[in-house]
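Using this note's numbering, the first residue of the sequence shown is number 347, and each one after it goes up by one. Worksheet: the structure to be examined is printed underneath.
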Amino acid sequence: MASSSSNSRFADITSVEEFIEGQENENTRKKTEQNVALLKEFLRLKDESRPVEEIPPHELSSFISEFIITVRKKENNEDYEPTSLRAMMASFERYLKKKNYGYSIMRDVEFEKARTALKSKQRDLKKKGKGDKPNASVPLTEDDIKLLYDKGLLGKSTPEALLNTVWFNNTVYFGLRGCKEHRDMCWGDVQLRQTTNGEEFLEYTERQTKTRTGENPRDVRQIKPKMFSVQGSERDPVTVYKFYAEKRPSEMNDNNAPFYLAVNNCKKQDSSKPWFKKSAVGVNKLNSLMKKMAEKAGLGPNVKNHSGRKTMIQTLTNNDIPATDIIQLSGHKNLQSVTNYSVVSEKQQVKMSRTLSELMSGNVHSLEKTNSSQVGECSTDPSASSAGRSAADHHQQAMSLFTGAVIHGGQFSISINSLNQSPKLAIQEVEVKSSPKRYKRLKVLDSDSD
């Protein structure tokens, strides 16, 4: 494409196609390429040399069905998890859509066989114990975080610990996803501000995310996530941010500079050597910060970068923060996503197990007896019981107004008198006077018969 002049109102691009492909999610693109390459390898084993997008739907459906049933992991020849097989089907769908194939693997009847094969394989894997997401990340507990500080993996003692702490604070307080959202952050995305009372806080301005890609300009967060100072705490996040700002090279404090900088390995806090380099931290290092910390602290293989985001949602849920508030901080679009993140904590599991142990040991009877006595003490006055029944009758009478009603649309304002009796239909007893009985007189007639 011809280059435009330097003072032109239009920027230079190589090609429209390359620009469009460059906006695709990097992880999605790589996963699609890997899965399609695996399908092509399978087709070569079947002596099928045609490009995937040139194979007729019914034939391709048969190939994909056999692929889903027989594919195994390369490193250990084990079955894939059910979710991984579903992801492969989604990769094929994206690839064929980009190639203008004209049929949908996920919807069209021509690929019913492939979808049925996927469901059958998933059921078979579940019977074998697969499908429990053994590699899913887990949230950190208060003890886990304390251990990371005690071991010097979090804190301000070394450049490595400082970088870890800044990353961890951003993840938990701002609800960032573990990889791409951190990689895209610039220094100007976080601003130090004050409330009218002088309380300091950090405010985060969001860039492109998984759920807000920028396709809809009106789709923005309702609030900007904030991180408030904790006065007197050694872990005050605002103090950590200020210290990180001091240790950054002055040239890297421009708003468009990378937020996370590569570490100069200084073993002492008072070292004259600069703590950070004038370059961004490596992608692989940033994508595995929490995993490396967990390995050094012995926290287990399921503590990963995504654990920080899970920690935020789990902690807020355990402290009865409404899900409608949580999604405004986490950036989720629906409440079900928050429910999927939240799990029963280990302490709650211990409590449930102890309760069941009371049953198994025979002590639960005394607990039930105690609860019953407490209920019995609530009301022993017959008049109070009668009053309660009367109130219930009035409530039932009021609610019976809607029995069998069908309401379509509209706005209604309904006031129900719950203190006094609702008006009852008065039925007058009418005295019905019975008329005197009338009798017929029978007259005997003479007859000629014997």
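Where a beta carbon is used, it is the ideal one built from N, C-alpha and C, also for glycine.
Per-residue burial, residue i [other beta carbons within 10 Å of its own, 16 or more giving buried]
i       : result
Val-629 : exposed
Ser-618 : exposed
Glu-527 : buried
Gln-577 : exposed
Gly-475 : exposed
Lys-392 : exposed
Gln-540 : exposed
Ser-596 : exposed
Gly-734 : Caution applies to Gly-734, whose pLDDT of 49 falls short of 50 and renders its modelled position unreliable; the value that the coordinates give is listed next. Exposed is the call here.
Val-684 : buried
Val-518 : buried
Ile-410 : buried
Ala-669 : buried
Ser-354 : exposed
Thr-657 : buried
Met-639 : buried
Leu-389 : buried
Thr-726 : The predicted position of Thr-726 is uncertain, since its pLDDT is 49 and thus under 50; no value can be drawn from it.
Distance cut-off 7 Å: residue i Cβ against heavy atoms of the ligand HEM
i       : result
Pro-397 : You won't find the ligand HEM in this model; it holds no ligand whatsoever.
Between the CA atoms of residue j and residue i - distance to the nearest angstrom
i       : j       : result
Ser-768 : Glu-545 : Unreliable positioning characterises Ser-768 in this predicted model, as indicated by a pLDDT of 47, which lies under 50. A coordinate reading is not provided.
Leu-494 : Asn-651 : 14 Å
Met-452 : Lys-472 : 21 Å
Thr-360 : Asn-543 : 52 Å
Val-690 : Lys-697 : 11 Å
Arg-375 : Lys-444 : 12 Å
Asp-478 : Phe-356 : 52 Å
Ala-463 : Asn-648 : 31 Å
Asn-599 : Trp-533 : 7 Å
Leu-499 : Asn-373 : 28 Å
Met-636 : Phe-605 : 17 Å
Tyr-587 : Val-512 : 7 Å
Asn-381 : Asn-680 : 29 Å
Ile-569 : Thr-551 : 9 Å
Thr-661 : Thr-585 : 23 Å
Ser-703 : Ala-591 : 53 Å
Arg-558 : Ser-579 : Its pLDDT being 49, under 50, Arg-558 is placed unreliably by the model, and nothing is read from it.
Glu-427 : Arg-594 : 43 Å
Gln-694 : Thr-416 : 41 Å
Lys-419 : Leu-385 : 13 Å
Val-536 : Ser-699 : 44 Å
Val-627 : Arg-529 : 9 Å
Lys-492 : Asp-666 : 23 Å
Glu-363 : Glu-399 : 19 Å
Glu-387 : Pro-485 : 38 Å
Ala-643 : Ser-483 : 16 Å
Gly-524 : Leu-509 : 14 Å
Met-706 : Asp-470 : 35 Å
Phe-457 : Phe-589 : 58 Å
Thr-701 : Gly-708 : 11 Å
Pro-403 : Ile-366 : 28 Å
N-terminal and C-terminal residue of the alpha helix (DSSP H) that residue i is part of
i       : result
Val-417 : Counting along the chain, Val-417 falls outside any alpha helix (DSSP H), and DSSP gives it neither H nor E.
Met-658 : 652-664
Phe-622 : No alpha helix (DSSP H) holds Phe-622; the beta strand (DSSP E) holding it covers 622-626.
Val-629 : 629-632
Tyr-550 : That residue, Tyr-550, is in no alpha helix (DSSP H); its beta strand (DSSP E) goes 546-550.
Met-706 : 692-707
Trp-533 : Premise fails: Trp-533 is in no alpha helix (DSSP H) and is neither H nor E.
Phe-520 : 505-520
Residue range of the unbroken beta strand (DSSP E) whose run includes residue i
i       : result
Gln-468 : First-last for Gln-468: 458-473, but that is the alpha helix (DSSP H), not the beta strand (DSSP E).
Met-636 : First-last for Met-636: 635-643, but that is the alpha helix (DSSP H), not the beta strand (DSSP E).
Val-536 : 536-540
Lys-386 : Segment 372-391 is the alpha helix (DSSP H) holding Lys-386; no beta strand (DSSP E) there.
Val-484 : From DSSP, Val-484 is part of no beta strand (DSSP E); its letter is neither H nor E.
Lys-572 : 572-574
Val-609 : 607-609
Rounded Cβ spacing between residue i and residue j (contact assumed at less than 8 Å)
i       : j       : result
Ser-466 : Thr-378 : About 24 Å separates the two Cβ atoms, so there is no contact after all.
Met-573 : Phe-547 : 6 Å
Lys-631 : Asn-610 : With a Cβ gap of about 14 Å, Lys-631 and Asn-610 do not count as contacting.
Ser-676 : Ile-659 : 6 Å
Glu-692 : Thr-487 : 7 Å
Closest residue to residue i among the options (Cα-Cα distance)
i       : options                            : result
Ser-653 : Ser-683, Phe-514, Glu-412          : Phe-514
Asp-425 : Ala-669, Leu-702, Ser-408, Gln-468 : Gln-468
Ser-450 : Asn-481, Thr-429, Val-484, Ser-407 : Ser-407
Glu-506 : Ala-608, Asn-665, Pro-428          : Ala-608
Arg-581 : Phe-520, Asp-454, Asn-423, Lys-502 : Lys-502
Ser-430 : Ile-414, Tyr-441, Val-536          : Ile-414
Asn-371 : Asn-516, Arg-440, Val-627          : Arg-440
Arg-655 : Ile-673, Pro-620, Glu-421          : Ile-673
Arg-432 : Arg-461, Glu-363, Phe-388, Met-639 : Arg-461
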